[in-house]
Amino acid sequence: MLKALELVGFKSFADKTRFEFPPGITVVVGPNGSGKSNIVDAIKWALGEQSAKSLRGKEMADVIFKGAASGSRKAANSAEATIVFDNSDGQLSIDSPEVHVSRRVYRSGEAEYLINRHPCRLRDVRDLCSGTGVGADAYAIIEQGKVDTLLQASSKDRRAIFEEAAGISRFKSKKLETQRRLDRVEQNLLRLADIVDEVGGRLKSVRAQAGKAQRYREYSQRLQDLRVSVGWVDWRSLSARLEEYEVELSQFREEAASLAQAVKASEERSAALEAEARTLTDGMAQAEGDLSRAEQRVATLSAASTMQYRQLHELTGDIANRRERVSRLKSAEASLSVDVQSIRGLLDAARLQYETVVEELHSVEETAVDLEAGVEQLRKDREERRQRHVELLKEASSLENSIGAIEAEVAAAGRRLSEVGEQYSEICAAIAEQRQEAEAFEEEGARVAIDLEKKQERLDQTQDRLTRQRDDLRDRQDALTTLSHRRAAIHERAKVLDELEKRYEGLNAGVKEVLSRARDEKEYHFRSVAGLVADVFQVDVKNATLIEIALGDAAHYVVLRDAGLVDAIQDGSVHFPGRVGLIELENCLPRVAEEDEQTLSEDGDVKGRADRFVETAEEFAPLVSQLLGDAWIVTDLAAARRLQRQYPRRRFVAETGEMLEADGRIYVGPRANAAGIISRRSELRSLRDQLAELDDEIKTGGDEITALQHEIAEADDELRSAIDGHRQATLAQSEHKARLAAVQQQLEHLARDQQRSGQEQEAIRRQIEDGDSRLQSVRNSLAEKQQETANLERAADDDHAKAAMLESERAQVGQQATSLKIELAKSEQQVTSLQQQAKQTEQALTEKSQAIAENRDRLTAEQQQYATLEREILSANGELAHLYLVREQRYREVHSGRVRRRAIETQRAEIQAQSQKMRREMEAIAEQVHRKELAGGDLRHERGTLAARLLEDYGIEIAKHADKEDLEPIEDRQAVDEEIADLRRKVTNIGAVNVDALQELDELEQRYAHLSGQLTDLTEAKQALEKIIQKINADSRRLFEETLVTVRENFRHLFRKVFGGGSADIILEEGVDVLEAGVDIVATPPGKNTLHISLLSGGERALTAVTLLLAIFQFRPSPFCILDEVDGPLDEANIGRFVDVLRGFLDWTRFVIVTHSKATMAAASTLYGVTMQESGVSKRVSVQFDDVSDDGEISQAAVERDAGDRDNDDDAQVA
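Letter by letter, the sequence shown follows residues 0 to 1214 in numbering that gives the first Met the number 0.
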């Protein structure tokens, strides 16, 4: 529960101000601009509000008190707000019966949050408040503009309030984040799938090339082994001669090694000393860090001690002041005691005088009693005669009045009989007129019903057409989405292929070098480069693989327009890092058709000659004919084999991917294995064409959707028109029914009036007859009464003389008694005054005694606080002493470390000097070794010449194999030479070989496995994200529906209670998912038709909106609810019902209401006033109901009374 709010320097509250919030309803009142709403802002701000705009400022520093306009107060340097919660029920997750949540901001920009006076983060405050309905943006704080926002918001925006109540706002943000992640995963999945397919195709192609490379490697390895064996004999003879020199050199090297070991030992010792120095440095750094921290702690404790000494000094002054206050109160108490004794003496004298006067008055009154008895007896006799005389006069007057009344009654009855007769005639005429009107209304009702049926039919037709159009729009949007997804997939695929093209993927290093230099360097020799064969050939994507199979490695050949590049290669001026195939266009001659081609093309299994499936520029036509003129595309392998036997000089490529060469070689395997650069470029061209087509389709679909949306908008307008017409027709029918019912009701009333008029005429006639008989009887009685009255008047004249004499005597005694009574009254008044004065003085004496007791209690508390501060200072001084000791120890450690480090540096210098001496000796030995090595240099040169010759002639490095033990000696040198020549021929016949294929195969297999694993991981991640979204949707839908049902029931019940009847409902948007549907509010106040909330009057709208917020609040209550001037548009009757509803929530929450309404103030259990007597400075004032005017102004008397109470409290605290 909210317990209190403390403000210091927050906005207009310059001084420390505390608002207590006891159970019940707390009302805050005050004139406009006095700072009432700053209380609401303070609660929001303390709970973590981050928007300065919602706090009615431009920046967060605007919450700090800016100073008084008069200049009497300076601006504050900080602002602080503290909310105190009663946590006795453990609702907050802190083990404390009372929780303080504070926020503080400084003008320099620093800010901090505190929980129970301990610093914390904003997240800690929000976590503390989560699940309790308390928060800066919670619905428990209903401000002035929140009601208008709820009324003016769209159904989609209004939904956010219900989502907050249902607790699914956090689910919605998680869902959006998950959806974004899912979109990214889908894009990555699409791109990765394309890359996996591309790498898979490349992997199959490289596997075929790797087989060829493997044979090349085996021949090359055997050739290398043989050449090493041949060179081994020559190498060994030269090596034997070198061994002699090595023996001599070994002696020198051993000596040099011993010196090197000594140098190494010295270096190791030096390194050890250096490590020890680093260890000392680290220890010194740690000690210096400890020293720095100790000094920082000393500074902190010194500052804290200074603050505590200052507080101790202030407490000393407070204690002295309070003791002086107690002394003054005791003096006042003694003075009041003397006054009480003096007043009591005066009171005793006044009482004695009062008793004397009473005795004299008693004696005079006894004499007066005797006279009074005689006068009383005479008066009784006269009174009896007078009463009888009066009774007779009254009876006579009554009889006369009766006569007049009866006569008037008879005359009035006659007039009434005439009037009733006229009314009876008028009623009969009105009945006839109303019956005619009823018949006319019945005929009009039939016409209204027919019009309503027509408008209902039009409304149904419009709704059906709009539904069909929306379904069509949804289908078109789905189709457009599918096209967009398809375009994205094709675009990603084209992007991957384009990236592969830019990297020359699939080409060896030599070809890449040629293309790069021809494109970038603009060298003269490369101007003849026209591009690759694949560049100048254009093939349909469905035939690209077959053409690539037919071309084979020729697809990667470089096409030359002249022989310039070949001449440069021949001259040795141009070199390439790999093998390159070149084709000169001038060597490509037009192909001559053979006689059997016509017969071959007519065969049913033949699709056509391969060059006819290729499009190219005219200058490249001979190239196409030369490379593909002998290749034919057939249906399958069986047809290829059959045709191979008939036409042995032809090559055949089956659509299933096999190829038969003219020399009988057969290439088999899946078509995908043959995918290469031509297929890739053909696919890229096809994908670009598809992208253009899809762009056209998407544009057309977008135009169609726009047109359909326009039609739907027109249909919506027509539907609204139909709804308005139907509503008007319904209203007209309701109005007609009401008017017809009124006419029928009027007929019933007239019929009853006609019956009553007839009965009244008969009663009046009987009344006239009875009045005549009563009139005669009353006249006889009147004559008898007049005779008896004359006799009594004569007896009264005799008693009058006796009474005059007795009255004279009694008057004299009465005057004497009156004088005594006046004196007695004076004496009594004096006694009463003295008693009142004594009572007031004794009461003042009691109050002073209570003030003395309270000040003594506060003095005791301050003395205890003084003792606590002394203990804290003593503890801090002890810790300071310990820190000073630690600091001294760290000083000693640093000093000893520095001494040891200087000693280590001295030792290292000595060791380095010894090492320099040994290095000079090693240099002398190296000089001798050098001379010996020069002597063996000639032998090595001779052996090197042998190795160079072997490397140049055979491409073999003999040095890598001459030292192997498993090399066999050569028995038949001639046979070995013949085998070497045969191997060289085999290597040459293999042709172009991708020597990097084996390494590329390993890399591709690893990459393919890695990418496949990533593809699986992404697929699983996508499925997991989709499950998360489904679970979020299910939980959100369930929570929202449960919340909506409960809030709807609460809203209906509270609406009937607040409005005294009527009905209201919360309606979800139809035809839309529950998670996206808007929320509309409809209300039917008593006596009105169902209306949207925006069509209600201002007061009805405000009351409806507040009722809705309270319904939500009832579903998910919080420990408090702040209402800031929400009752402004309400009249007193509605405010009364509004307050009754609030009382129903008091069992579990406390209300704080900021208002100007006295009707709301009347319901308050606690009433606070806020004034601004000093310009720009708000003050809290305790007020009573009568202290507040109708316009919210607080009377000056209340302000002065509150100021006096504060002074008394201060005096009591000081005492």
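Idealized CB from N, CA, C, for every residue including glycine.
The structure displayed is predicted, hence computed values, not measured ones.
**Report entry** Inter-residue CB distance, Ser1164 and Gly29 (contact presumed, cutoff 8 angstroms)
**Finding:** At roughly 18 angstroms, the Cβ-Cβ gap does not stay under 8 angstroms, so Ser1164 and Gly29 are not in contact.
Query raised in the report: Which first and last residues belong to the beta strand (DSSP E) in which Gly530 is found?
Result: Start and end: Val528 to Leu531.
Query raised in the report: According to the Cβ coordinates, are Ile632 and Ala609 closer than 8 angstroms?
Result: Yes, these two residues count as a Cβ contact at 8 angstroms.
Query raised in the report: For Gly413, which residues of its own chain have a beta-carbon under 7 angstroms away from its beta-carbon, when the five flanking residues on both sides are left out?
Result: For Gly413, same chain residues with a beta-carbon under 7 angstroms away, outside a window of 5 residues either side, are Ile767 in chain order.
Requested in this report: Tell me, to the nearest whole angstrom, how far the beta carbon of Ile114 is from that of Val104; I am working on the premise that it is less than 8 angstroms.
Outcome: About 16 angstroms; that fails the 8 angstroms criterion.
Requested in this report: Give the single residue among Ser1035, Glu1099 and Ser895 whose Cα lies nearest to the Cα of Glu162.
Outcome: Looking from the CA of Glu162, the closest CA among Ser1035, Glu1099 and Ser895 belongs to Ser1035.
Requested in this report: Assess, as a yes-or-no matter, whether the segment 852-866 is touched by the segment 251-259 under the definition of 3 or more beta carbon pairs within less than 8 angstroms.
Outcome: No, because fewer than three Cβ pairs between the segment 251-259 and the segment 852-866 fall closer than 8 angstroms, the two stretches do not touch.
Query - Touching by the beta-carbon criterion (3+ pairs, under 8 angstroms), the segment 1070-1083 and the segment 1144-1159 - result: In short, these stretches do not touch, since the Cβ pair count stays below three.
Query raised in the report: Looking only at C-alpha atoms, which of Gly1059, Gly1086, Phe1119 and Arg1115 sits nearest to Leu1102?
Result: When only C-alpha atoms are compared, the closest one is Gly1059.
Query raised in the report: Are Gly509 and Phe575 closer than 8 angstroms when you measure CB to CB?
Result: Taking 8 angstroms as the Cβ cut-off, Gly509 and Phe575 qualify as a contacting pair.
Query raised in the report: Residues bridged to Glu583 by DSSP?
Result: BP columns for Glu583 point to Leu559.
Query raised in the report: Around the Cβ of Glu1124, are there at least 16 other Cβ atoms within 10 angstroms (buried) or fewer (exposed)?
Result: By the 10 Å Cβ count, Glu1124 comes out buried.
Query - From Val363, Leu6 and Val26, residue whose alpha carbon lies closest to that of Val1187 - result: Measuring from the Cα of Val1187, the nearest candidate turns out to be Val26.
Query raised in the report: Which of the three DSSP states, helix, strand or coil, is assigned to Glu747?
Result: Judged by DSSP in its simplified three-state form, Glu747 adopts helix.
Query raised in the report: Based on the DSSP output, what are the partners of Trp631 in its beta bridges?
Result: Answer is Arg608 and Phe651.
Query raised in the report: Can you tell which of Ser107, Ala286, Gln460 and Ala298 has its C-alpha closest to the C-alpha of Leu718?
Result: Of the candidates Ser107, Ala286, Gln460 and Ala298, the one whose C-alpha sits nearest the C-alpha of Leu718 is Gln460.
**Report entry** Between the CA atoms of Ser92 and Glu1040 - distance to the nearest angstrom
**Finding:** Looking at the two C-alpha atoms, the distance is approximately 29 angstroms.
Query - Touching by the beta-carbon criterion (3+ pairs, under 8 angstroms), the segment 308-327 and the segment 881-889 - result: Taking 8 angstroms as the limit for Cβ pairs, the verdict is that the segment 881-889 does not touch the segment 308-327.
Query raised in the report: In the structure shown, what three-state DSSP assignment does Pro118 receive?
Result: Per DSSP, reduced to three states, the secondary structure at Pro118 is strand.
Report task. List the whole-angstrom C-beta distance separating Leu1053 from Leu1129, where the pair is believed to meet the contact cut-off of C-beta under 8 angstroms. Result -> With a Cβ gap of about 15 angstroms, Leu1053 and Leu1129 do not count as contacting.
Query raised in the report: Looking only at its own chain, which residues have a Cβ that is under 7 angstroms from the Cβ of His1229, when we skip the five neighbours before and after it?
Result: With the chain covering only 0 through 1214, there is no way to say anything about residue 1229.
**Report entry** Cross-strand partners of Ile194 (DSSP beta bridge)
**Finding:** Paired residues: none, contrary to the question.
Query - Assigned secondary structure, Glu19 (DSSP; H/G/I helix, E/B strand, else coil) - result: In the three-state reduction of the DSSP assignment, Glu19 falls in the strand class, which pools E and B.
Query - Assumed close pair Asp1148, Phe1119 - CB separation to whole angstroms, cut-off 8 angstroms - result: One detail in the question is off: residue 1148 reads as Thr in this sequence, not Asp. Taking C-beta atoms under 8 angstroms as the contact rule, Thr1148 and Phe1119 qualify, at a distance of about 6 angstroms.
Query raised in the report: Can you name the residues that DSSP bridges to Arg103?
Result: In DSSP, Arg103 forms a bridge with Glu79 and Glu111.
Report task. State the Cα-Cα distance for the pair Ser818 and Glu375, rounded to the nearest angstrom. Result -> Straight-line Cα distance between these residues: approximately 23 angstroms.
Query raised in the report: Near Gly1135, which residues of its chain fall below 8 angstroms by C-beta distance, leaving aside the five closest residues on each side in sequence?
Result: Excluding sequence positions up to five before and after Gly1135, its CB lies within less than 8 angstroms of the CB of Ala1158, all in the same chain and listed in chain order.
Query raised in the report: Does the Cβ of Ile140 have 16 or more other Cβ atoms within 10 Å, making it buried, or fewer, making it exposed?
Result: A buried status is given to Ile140, since no fewer than 16 other beta-carbon atoms sit within 10 Å of its beta-carbon.
Requested in this report: Compute the Euclidean distance between the alpha carbons of Gly1012 and Arg641, then round it to the nearest angstrom.
Outcome: Arg641 has its alpha-carbon roughly 45 angstroms from the corresponding atom of Gly1012.
Query raised in the report: Hey, out of Arg72, Ser71 and Gln49, whose CA is closest to Val62's CA?
Result: The shortest C-alpha separation from Val62 is found at Gln49.
Requested in this report: Alpha carbon to alpha carbon, how far is Leu482 from Ile697? Give it in angstroms, no decimals.
Outcome: So the alpha carbons of these two residues sit roughly 7 angstroms apart.
**Report entry** Pairwise C-alpha distance: Phe18 and Gln285
**Finding:** Taking C-alpha positions only, Gln285 is separated from Phe18 by approximately 52 angstroms.
Query raised in the report: Among the residues of its own chain, which have a CB less than 8 angstroms from the CB of Ala567, if the five just before and after it don't count?
Result: So the qualifying residues of the chain are His524 and Val573.
Query raised in the report: Is the beta carbon of Pro622 less than 8 angstroms from the beta carbon of Val558?
Result: Here residue 622 turns out to be Leu, not Pro, going by the sequence shown. Closer than 8 angstroms, so yes.
Report task. Rounded to whole angstroms, what's the CA-CA distance from Ala3 to Ala41? Just pull it up for me. Result -> Note on geometry: alpha-carbon atoms of Ala3 and Ala41 lie some 12 angstroms from one another.
Requested in this report: Assign Asp474 to one of three DSSP states: helix, strand, or coil.
Outcome: DSSP places Asp474 within a helical segment (H, G or I) once states are collapsed to three.
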